[in-house]
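Quick note on numbering: this note's numbering labels position 91 of the sequence shown as 147, and the sequence is numbered without any gaps.
We put the beta carbon where it would ideally sit given N, CA and C, even for glycine.
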Amino acid sequence: MSEILKQKASLQIPPSVPSRTSSRASTRRNPIDLKADNIYFSYSQQDQPICSRITDCLINEGSSICETSSTASQFKSYIDIADVALVLSMKIIREINILMLNCIMQNPKEKN
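Printed below as a string of structure tokens:
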């Protein structure tokens, strides 16, 4: 575990990373040091309502969450120093489920 902390301390991160570390009662985004965040959470704006509920639950459990709208080139830096990277895409999951259902309906003998 100390090796992870050493790696986190050695990374250089841009200073203006938006992050949410408290419940809805306070401001939703606070600039903080990304080194303190243990979960990096990425999702699309379309999935914001469900992801906001997930984020609030994680915060209430004591997790520190980093949510960003950064460019793809910055994602690696954020993911490298987080303990957990959580990526959610309900749209893609829905599309895959629809495709799978269509395949099953067209080929009922081949379902697994």
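Put simply, the backbone Cα of Cys113 is about 9 angstroms away from that of Ser119. The residue from Tyr96, Gln104, Asn158 and Ile95 with its alpha-carbon nearest to that of Ser145 is Gln104.
For Ser108, the enclosing alpha helix (DSSP H) covers residues Gln104 to Asn116. Ser133 carries a helical assignment under DSSP once its states are collapsed to helix, strand and coil. Beta-bridge partners assigned by DSSP to Ser98: Val143.
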